[in-house]
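So the mapping is simple: my numbering equals the position in the sequence shown, first residue as 1, plus 6.
To keep things clear, I will list the structure first and then write my remarks on it.
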Amino acid sequence: MVLLLAALVMFGIYRGTLSLLNRLTQYEQVAYLSPSIPYSVLLLMLFVMLCISNSVTAVGALFLSQDIELILSSPVSRLRFFVTKFVSLLLYTSWMPLTFLLPFLVAYGVHFQASVDYYLFSFLMLPLFFLIPASLAVSLSIIFTAFIPASKTKILLFAILGVILACVFALGEVIGLGYQQQNSFDQVARILTIVSLPDKLWLPTHWVAVTMRDLLENRISDIGVPLLLLGSLVLGMLFLSYSIFLLLYEHAYSKSCDRKQVLMTRGKFWWKLFARFAPWLSSEKRAIVLKEYRVFSRDMPQVIQVLLLAGVYLIYLYNLRVLNLIDSIPGEKRIFWQAFAYIVNVAMGAFVTTAAATRLVFPSISLEGQGFWMLQTAPYDMRSFLQVKFWSWFIPLGTIATVVFCSGAFAIKTSPEGLAITFFSAWILSAGIVGMGLGLGAFFANFQWEHSGQLAASFGSFVFMLSSIALIAVSMFPIGIAVFMREPGMFGQHLEVHWWYLFIVASCAFVWAINILAREYALKLGIRSLEKLRDQ
């Protein structure tokens, strides 16, 4: 089943990339788009994502692993220790992006009818490319831990997030400027200019993209220089990261031990505050909810991930203004694109919710660690325990999803009926995604983890993301049909108003049933798996 879902997702990426490339060929007479430009855009986005995931995992692998003290006190050479941690970091963070990048590469090769050399050099260059963000993350995590005082850590993280958001917002101003007063030729030329921004000569993404372009165009003799530059940068980054490791790691590790004490929260204060605002909860449920949030506030990788997810949400909300471009489309086509943008907004919002659940909800059972076995002696059944955890995450993530979904609906000026469907979709999709994340997190529970960063990059996390994609696709199908049946000529015959409302009610009932069934089935799997662990 997992392999089937993975195959369907990869096939969807392949077909989508192939369709996009075929569409871009229609504009070749207007402006030529080099094959290296889409590669540069994708690789730059991938580079940023890898830097983030590698940084989170590097902090856990180098400073929070439970075996660090034992390894440092044993007669293990520093080189062997560094290589082992670096390779494990690389494997944990790179296998999933590489898996979903393969259909993109194959689609490019099929479209341009590439030779065998294209595929051979692709498998050579991508591992080299993945070494760069890994070594950069190791270097920055050691420097960060060694020189930043423990009391200033969270403040600095917020400052870094603010700088990143400011840069993205500035780029958004460049992209969004002048959308409303352009003809079709100006829009095409502007889009081509914008997507060319990441294609800079000094970026390693440019070197990889240029090499791919030359291979697609059968110019193998021209790939020597970018390959040499990429190899030199990789060797330099590896040497730099190992040098920083030798110079600063022991000092950084001692600092990290001090930082663990600073991350402790004021338990009595939060207990009294929560009891005042949630008096209807029993003391047992209140303790589970507070413990759930406290685990994340004390774990530095989780704090970093929460900040990064907040940045993702803000960036998504900010760039919803690009949907105003629909207003410049002629009236006949505007209805179609407005309906299409509505479906894309709901689907993308669901994917953002999935990203948050992957980092926050899925690892929540495993993060209990050895303390989970203490719950087995408590007079509290497993289903009630998972239900409390579900509501602990469903309410905040559902609220955020509602803001994201409805903001997009307002941006495309949807109807009141469409806004109501959006509100319903936000909550019911959040219920399905959070329930599956919690249930599959219990099914794939691992209480022997070295550091928390491993949990979000595990095979179970991969299964959860595939399952969420399948759930979103099934849920969006009736919603999409309902939206496109609203207007005449868009999907078969135009429905009368009363029939359309009846179809909307039936579609919402179907989506509700699918998500509730997915939630219940995942929770049953998780409960059954945890009970088996208890009986062993």
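Cβ coordinates follow ideal geometry from the N, Cα and C atoms, glycine included.
From a predicted model like this one, the values you see are computed outputs, not experimental measurements.
Neighbourhood of residue i by C-beta, 6 Å cutoff - its chain only, sequence neighbours within 5 removed
| i | result |
| --- | --- |
| Gln193 | The predicted model places Gln193 with a pLDDT of 48, which falls under 50 and marks its position as unreliable, so this point remains unresolved. |
| Thr428 | Phe411, Cys412 and Ala415 |
| Trp433 | Gly404 |
| Leu137 | Val240 |
| Met243 | Ile138 and Ser141 |
| Phe191 | Because Phe191 sits at a pLDDT of 45, beneath the cut-off of 50, its placement in the model cannot be relied upon, and the point is left open. |
| Leu56 | Pro139 |
| Val394 | Lys291 and Ile294 |
| Val93 | none |
| Phe357 | none |
From the options, residue whose alpha carbon lies closest to that of residue i
| i | options | result |
| --- | --- | --- |
| Phe154 | Ala479, Phe483, His257 and Ala426 | A quick correction: the sequence has Ile, not Phe, at residue 154. When each option's Cα is compared against that of Ile154, the closest is His257. |
| Arg21 | Met354, Phe110, Leu78 and Phe129 | Phe110 |
| Ala120 | Phe378, Ala140, Glu223 and Ile149 | Glu223 |
| Ile349 | Lys291, Gly424 and Ser80 | Gly424 |
| Ile74 | Pro402, Gly466, Tyr507 and Ser262 | Ser262 |
| Lys538 | Gly438, Met388 and Ile522 | Met388 |
| Phe368 | Val409, Ala426 and Ile439 | Ile439 |
| Ile406 | Ala437, Arg292, Val469 and Glu456 | Ala437 |
| Pro44 | Leu536, Val82, Ser83 and Tyr114 | Tyr114 |
| Ile148 | Glu374, Met442 and Phe251 | Phe251 |
| Leu461 | Glu374, Thr151, Met51 and Ile401 | Glu374 |
| Ala417 | Lys91, Ala463 and Ala345 | Ala345 |
| Ala519 | Tyr125, Leu435 and Ala13 | Leu435 |
| Lys91 | Ala515, Phe400 and Tyr255 | Tyr255 |
| Gly355 | Pro402, Met380, Val409 and Ser370 | Val409 |
| Pro422 | Tyr507, Leu96, Ala524 and Thr31 | Tyr507 |
| Tyr124 | Leu10, Ala347, Ile226 and Phe17 | Ile226 |
| Leu446 | Leu536, Phe470, Ser260 and Ile522 | Phe470 |
| Leu253 | Phe135, Leu107 and Ala152 | Ala152 |
| Phe88 | Tyr248, Phe396, Tyr527 and Ile401 | Tyr248 |
| Ile522 | Thr420, Phe400, Val82 and Leu14 | Phe400 |
| Met380 | Lys419, Ala347 and Phe453 | Phe453 |
| Phe450 | Phe378, Ile371 and Val82 | Ile371 |
| Leu108 | Gly230, Phe118, Phe17 and Val122 | Phe17 |
| Leu96 | Phe118, Val112 and Pro133 | Pro133 |
Limits of the unbroken alpha helix (DSSP H) element including residue i
| i | result |
| --- | --- |
| Gln393 | Met388 to Ala417 |
| Val82 | Per DSSP, Val82 belongs to no alpha helix (DSSP H) and is neither H nor E. |
| Asp123 | Val122 to Phe153 |
| Phe429 | Pro422 to Phe449 |
| Trp213 | Pro210 to Leu222 |
| Thr63 | Ser42 to Val65 |
Own chain residues within Cβ distance below 8 Å of residue i, not counting five before or after
| i | result |
| --- | --- |
| Ala353 | Ile478 and Met482 |
| Ser398 | Ile294, Val295, Glu298 and Tyr299 |
| Ile485 | Ile349, Val352, Ile427, Ser431, Ser513 and Val517 |
| Cys219 | Reading the sequence as shown, one finds Arg at residue 219 and not Cys. Contacts found: Ser40, Pro41, Ser42 and Tyr45. |
| Leu246 | Ser141 and Ser145 |
Cβ shell of residue i (< 7 Å), same chain only, five flanking positions each side left out
| i | result |
| --- | --- |
| Leu392 | Leu444, Ala448, Leu529, Gly532 and Ile533 |
| Leu233 | Thr217 |
| Phe468 | Met102 |
| Val116 | Leu24 |
| Gln267 | Confidence in Gln267 is poor, its pLDDT being 49 and thus under 50, which makes the residue's placement unreliable; the coordinate value appears in the next sentence. Here the set comprises nothing. |
| Gln72 | Glu456 |
| Tyr98 | Thr63, Gln460 and Ala463 |
| Phe396 | Val440, Gly441 and Leu444 |
| Leu183 | In this predicted model, Leu183 has a pLDDT of only 44, less than 50, meaning its place in the structure is not dependable; the value taken from the coordinates is given anyway. Answer for Leu183: no residue qualifies. |
Heavy atom of the ligand COA within 6 Å of residue i beta-carbon
| i | result |
| --- | --- |
| Phe430 | With respect to the ligand COA, the structure shown offers nothing to examine, as it has no ligands at all. |
Segment contact, 8 Å Cβ cut-off, at least three pairs: the region 352–364 with the region 460–477: yes
contact_flag[the region 532–540, the region 481–489] where n(CB pairs < 8 Å) is 3 or more: no
At least 3 beta-carbon pairs within less than 8 Å: the region 209–216 vs the region 97–108: no
Stretch-stretch touch, CB-based, cutoff 8 Å, three pairs: the region 139–151 with the region 64–74: yes
Any 3 or more C-beta pairs closer than 8 Å across the region 220–237 and the region 52–63: no
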